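Number of protein chains: 2
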Amino acid sequence: MPAPGVERCTVNEEIRVLMATDSSARNAKRVTITDVARHAGVSTAAVSKVMRNAYGVSPAMQERVRTAMAELGYRPHAAARGMRGRTYTVGVLLDNVRNPFFADILDGIRDQLEDSEYTVLIGAAGFGAEDQARTVRALVDRQMDGLILIAPGTPRPEVLATAAVTPTVVIGHHDASDVHDSVVDADDVGAGLVVDHLVALGHRDIALVSAAGNKAGRWQRTPEIALADGYLRAMDRHGLSGRARVRHAAYSDDGGHTAGLALLSGDDRPTAILTGADVAALGIYRAAADLGLSIPGDVSLVGYNNTAIASLAPVQLTSVDQAGHTMGATAARMLIERVERRRDRAMQTTMTPRLVVRRSTAAPGVR
Amino acid sequence: MPAPGVERCTVNEEIRVLMATDSSARNAKRVTITDVARHAGVSTAAVSKVMRNAYGVSPAMQERVRTAMAELGYRPHAAARGMRGRTYTVGVLLDNVRNPFFADILDGIRDQLEDSEYTVLIGAAGFGAEDQARTVRALVDRQMDGLILIAPGTPRPEVLATAAVTPTVVIGHHDASDVHDSVVDADDVGAGLVVDHLVALGHRDIALVSAAGNKAGRWQRTPEIALADGYLRAMDRHGLSGRARVRHAAYSDDGGHTAGLALLSGDDRPTAILTGADVAALGIYRAAADLGLSIPGDVSLVGYNNTAIASLAPVQLTSVDQAGHTMGATAARMLIERVERRRDRAMQTTMTPRLVVRRSTAAPGVR
DNA sequence: AGACTGATGGAGAACGTTCTACACCCTCCG
DNA sequence: CGGAGGGTGTAGAACGTTCTCCATCAGTCT
Chain A
1 MPAPGVERCT VNEEIRVLMA TDSSARNAKR VTITDVARHA GVSTAAVSKV
51 MRNAYGVSPA MQERVRTAMA ELGYRPHAAA RGMRGRTYTV GVLLDNVRNP
101 FFADILDGIR DQLEDSEYTV LIGAAGFGAE DQARTVRALV DRQMDGLILI
151 APGTPRPEVL ATAAVTPTVV IGHHDASDVH DSVVDADDVG AGLVVDHLVA
201 LGHRDIALVS AAGNKAGRWQ RTPEIALADG YLRAMDRHGL SGRARVRHAA
251 YSDDGGHTAG LALLSGDDRP TAILTGADVA ALGIYRAAAD LGLSIPGDVS
301 LVGYNNTAIA SLAPVQLTSV DQAGHTMGAT AARMLIERVE RRRDRAMQTT
351 MTPRLVVRRS TAAPGVR
Chain B
1 MPAPGVERCT VNEEIRVLMA TDSSARNAKR VTITDVARHA GVSTAAVSKV
51 MRNAYGVSPA MQERVRTAMA ELGYRPHAAA RGMRGRTYTV GVLLDNVRNP
101 FFADILDGIR DQLEDSEYTV LIGAAGFGAE DQARTVRALV DRQMDGLILI
151 APGTPRPEVL ATAAVTPTVV IGHHDASDVH DSVVDADDVG AGLVVDHLVA
201 LGHRDIALVS AAGNKAGRWQ RTPEIALADG YLRAMDRHGL SGRARVRHAA
251 YSDDGGHTAG LALLSGDDRP TAILTGADVA ALGIYRAAAD LGLSIPGDVS
301 LVGYNNTAIA SLAPVQLTSV DQAGHTMGAT AARMLIERVE RRRDRAMQTT
351 MTPRLVVRRS TAAPGVR
């Protein structure tokens, strides 16, 4: 096995060049609603009405104001709007910019809102609960019209408090609530699909690697917990309860690598491993390579989320598709319904997952 | 070669469950500065001063106001602040959520701003120039204190106009300006490093795959252009001008795949390929696999950015490290200097890249 | 003709901050 | 003892919107 070699450089040289010209001329007054009103010869109230296409505006007025806006290149000042009405902005909480599954969700949200007047702004928090809570607060303080929280690590009570003030959709956690909407994937079903597939191939020693459910947040059914549940039930269904084992790992390459080494270097190594995220599966892939084990020859490996990396040439990872794009789009649609008060009951949407078989799974013991 | 198989499922079933309870109670008044002032028995002006730790506040006043804020759990309303002063928010324009290099930059920005009072909000645009321009406008309208634009596709004139109004740092483009700051990587040097490395291994037919420079935006030196420049100069230096060839491709798995097929299926296929992004390199990897070529046996392959995927087990891609984290941190630092008016001259920071050799490059003709 | 409608436009008060003046008090100096 | 001057606090006008009334006006109905 070749040595891994130097992988990351740390310090780079900086060359700073000071430019010549002074540019403190930050003047350039904005065009305001008052300017538009004056230019069109009407009141600001009228302009406001036209913008929000409110009731009580004649076509002639419409026309006049719209051309005035166009002529002056007017753009409403979102912060000012936020003081009274809407800001036409939707905030998304994202804990992990690196998980490509979240990129799928994001694309779904974006596509859904593309042609609306709403803008999406992303608050990228770290993994820490406090970090995330701070980001959520930041979004609320910036007067977002609605919030989409992707598998928040923020304690549930705080999310409920936020949701009481701002329309909120939670993606991932299975805990239903009458105060926020939810979009979830039936992770338990997904785990079942995988176990069924592996058992059909002849596997019996199937291990699960998933993130540790954060009980701290008081969420009863995080995606991880649902996944583990489904896994255990499926194993039981096949009479394999005794052989079930769950190992916790962070959903990152490193996390998977560590878990993989632990699982695969023992005497009774499993013949198949199911993971809660594709990235973690890749870490296990690396661990297997380190130990001289081949995939799927020695071990079958299954990811989750069916992200783009799963289908990459050298990888070809069997995975569970969650249709992140659809989840994102659905969440956005539900959120806007709430923001515009077209619905006042909380709602939950569940997506059914689907197994995508590639080359990382095979019958056990076949070299 | 096994068939690629079904890779992506499209439609998922939706199960919608309407919840029982009505939750239209979106009341819950915010705590405002007035509340704090009343509770502390002082004027709102005093509270405002304390918050901004402005001049002319006695320690006693400090104390009183701070406890009042704490007792009421006061959080300033960012939208309202935006009307007069700052919003304490930095906006980041990101065209491609999927490129992990940008995640590195983002982390750098976040870490730099972690302990400050500033919050980072990300505007995720698509690749289209109009799409991006719209996102930038959205950020400006939301009264961001400063903007970080990561390799914007927005036309240069528009960026300059924006920068005249809001402090701006451009990452990537080499075009200097006296109105915005810049953080760039010496991409030409990076390309040179790669060519030197490959030539030292014995390669002579070295091709470059990079994104098409978008002349439309009126940027003279995009990263791609600088890269191609460095490549051509290095080839020339080694007397290989005649053998140089550049092929354009989108920086995505698919883009790389297409370019790879085109380059590698011809008669005079290169013995080494240099790409402008790791993702594209992976696409070429896939193309090589499709054609039954091995890497680095038949073709050496080099990526760019040294993202996490480059070091993944099955990949082990030689790449050029750009220290995205440092770039992000530097950009954030420079931006805040500008926002707080501690500097009024435009500035450019250049980072020097570094080659990270892994297993995807070897001497040519060695199987 | 007078009263009642419905449709349309405008006045002006919010909204929660910041920030410029200015008022007040104390101390110090002539 | 009067005034200058520095240090602290406050009043109140912005900031750019939204939105609730209210006024106006042209029809329509008795």
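Protein chains in written order, with the working numbering: chain A, 1 to 367; chain B, 1 to 367.
Positions of the beta carbon are idealized from the N, C-alpha and C atoms, including for glycine.
None of the values given here were measured: they were computed from a predicted structure.
Here's the rule: buried if 16 or more other CB atoms are within 10 angstroms of the residue's CB, otherwise exposed. What is residue i?
{"i": "residue 364(A)", "result": "buried"}
{"i": "residue 59(B)", "result": "exposed"}
{"i": "residue 268(B)", "result": "exposed"}
{"i": "residue 157(B)", "result": "exposed"}
{"i": "residue 358(A)", "result": "buried"}
{"i": "residue 27(A)", "result": "Unreliable positioning characterises residue 27(A) in this predicted model, as indicated by a pLDDT of 49, which lies under 50. A coordinate reading is not provided."}
{"i": "residue 115(A)", "result": "exposed"}
{"i": "residue 237(B)", "result": "exposed"}
{"i": "residue 324(A)", "result": "buried"}
{"i": "residue 41(B)", "result": "exposed"}
{"i": "residue 224(B)", "result": "buried"}
{"i": "residue 53(B)", "result": "exposed"}
So that I know if they touch, is there some Cβ in chain B lying closer than 8 Å to that of residue i?
{"i": "residue 364(A)", "result": "no"}
{"i": "residue 51(A)", "result": "no"}
{"i": "residue 78(A)", "result": "yes"}
{"i": "residue 70(A)", "result": "no"}
{"i": "residue 122(A)", "result": "yes"}
{"i": "residue 89(A)", "result": "yes"}
{"i": "residue 282(A)", "result": "yes"}
{"i": "residue 119(A)", "result": "yes"}
Does DSSP put residue i in a helix, a strand or coil?
{"i": "residue 64(B)", "result": "helix"}
{"i": "residue 291(B)", "result": "coil"}
{"i": "residue 179(B)", "result": "coil"}
{"i": "residue 311(B)", "result": "helix"}
{"i": "residue 375(A)", "result": "Since the first residue of chain A shown is 1 and the last is 367, residue 375(A) is not available in this structure."}
{"i": "residue 138(A)", "result": "helix"}
{"i": "residue 329(B)", "result": "helix"}
{"i": "residue 159(B)", "result": "helix"}
{"i": "residue 91(A)", "result": "strand"}
{"i": "residue 240(B)", "result": "coil"}
{"i": "residue 210(A)", "result": "strand"}
{"i": "residue 347(B)", "result": "strand"}
{"i": "residue 2(B)", "result": "Confidence at residue 2(B) is low in this model, with a pLDDT of 37, below 50, so the placement of that residue is unreliable and no value is reported for it."}
{"i": "residue 25(B)", "result": "Residue confidence for residue 25(B) is low, a pLDDT of 38 falling below 50, so the modelled location carries little weight; the figure read from the coordinates is stated next. Coil at residue 25(B), not helix or strand."}
Can you list, in chain order, the residues of its chain with a C-beta nearer than 8 Å to that of residue i? Leave out the 5 residues immediately preceding and following it.
{"i": "residue 308(A)", "result": "100"}
{"i": "residue 278(B)", "result": "100, 101, 303, 304, 305, 306, 307, 309, 310, 317, 319"}
{"i": "residue 262(B)", "result": "247"}
{"i": "residue 94(B)", "result": "102, 106, 122, 123, 124, 125, 150"}
Looking at C-alpha atoms only, which residue of the options is the closest neighbour of residue i?
{"i": "residue 145(A)", "options": "164(A), 127(A), 154(A), 157(A)", "result": "164(A)"}
{"i": "residue 243(A)", "options": "340(A), 250(A), 231(A), 200(A)", "result": "231(A)"}
{"i": "residue 194(B)", "options": "31(B), 30(B), 356(B)", "result": "356(B)"}
{"i": "residue 187(B)", "options": "210(B), 122(B), 202(B), 252(B)", "result": "210(B)"}
{"i": "residue 85(B)", "options": "79(A), 125(A), 85(A)", "result": "79(A)"}
{"i": "residue 178(B)", "options": "46(B), 345(B), 352(B), 81(B)", "result": "345(B)"}
{"i": "residue 222(B)", "options": "201(B), 276(B), 272(B), 197(B)", "result": "276(B)"}
{"i": "residue 176(B)", "options": "166(B), 159(B), 140(B)", "result": "159(B)"}
{"i": "residue 139(B)", "options": "250(B), 47(B), 88(B)", "result": "88(B)"}
{"i": "residue 92(B)", "options": "284(B), 301(B), 224(B), 119(B)", "result": "119(B)"}
{"i": "residue 273(A)", "options": "351(A), 162(A), 206(A)", "result": "206(A)"}
{"i": "residue 47(B)", "options": "30(B), 29(B), 74(B)", "result": "74(B)"}
{"i": "residue 109(A)", "options": "117(B), 104(B), 97(B)", "result": "97(B)"}
Go through its chain and collect everything with a Cβ distance to residue i's Cβ below 6 Å, but skip five positions before and after it.
{"i": "residue 296(B)", "result": "360, 361, 362"}
{"i": "residue 331(A)", "result": "148, 169, 171, 183"}
{"i": "residue 192(B)", "result": "230, 234"}
{"i": "residue 349(A)", "result": "183, 330"}
{"i": "residue 82(A)", "result": "143"}
Return no unless some Cβ of chain A is closer than 8 Å to the Cβ of residue i.
{"i": "residue 64(B)", "result": "no"}
{"i": "residue 220(B)", "result": "no"}
{"i": "residue 83(B)", "result": "yes"}
{"i": "residue 97(B)", "result": "yes"}
{"i": "residue 451(B)", "result": "Residue numbering for chain B in the displayed model covers 1 to 367; residue 451(B) lies beyond these limits and cannot be assessed."}
What residues in its chain sit with their C-beta under 7 Å from that of residue i, if we drop five residues either side in the sequence?
{"i": "residue 49(B)", "result": "56, 57"}
{"i": "residue 113(B)", "result": "90, 120, 332"}
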